[in-house]
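A quick write-up on the structure given underneath.
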Amino acid sequence: MTKAFILVDAEISKIEDVSKELEKADLEVYPLFGNHDFIVITEFGDSKTTAANLLEKIHPIEGIIKTKTLIGSDIKSEQT
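Note that the sequence shown covers residues 9 to 88 in the working numbering.
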């Protein structure tokens, strides 16, 4: 199954609160250093599942400024 990687940016003063809320959302979450504050990794069965994770679990969290979703790709050479 393909994975979706959701980059999350949060208000500096809300980083700890956002972290706690993301953990409660039952998602695979990692804090980051650099341009983004967190990465959320979720299975991408279909676009509805990923959209539901964003709209129902991530976007309502107070302190989140923006997200960027990247869909993983399976790159394999098929030789016949």
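A virtual CB, placed ideally from N, CA and C, is assigned to each residue, including glycine.
No experiment lies behind these values; they were computed from the predicted model shown.
Item                                                                            : Value
So Gly-71 packs on Lys-22, CB below 8 Å; how close in whole Å?                  : 3 Å
Nearest to Asp-17 by alpha carbon, out of Asp-34, Val-48, Ala-33 and Thr-10?    : Val-48
Could you give the residue range of the alpha helix (DSSP H) that holds Ile-23? : 23-32
Ile-66 and Leu-30: beta carbons closer than 9 Å?                                : yes
Sort out for me which residues DSSP pairs Leu-78 with in a bridge.              : Phe-13
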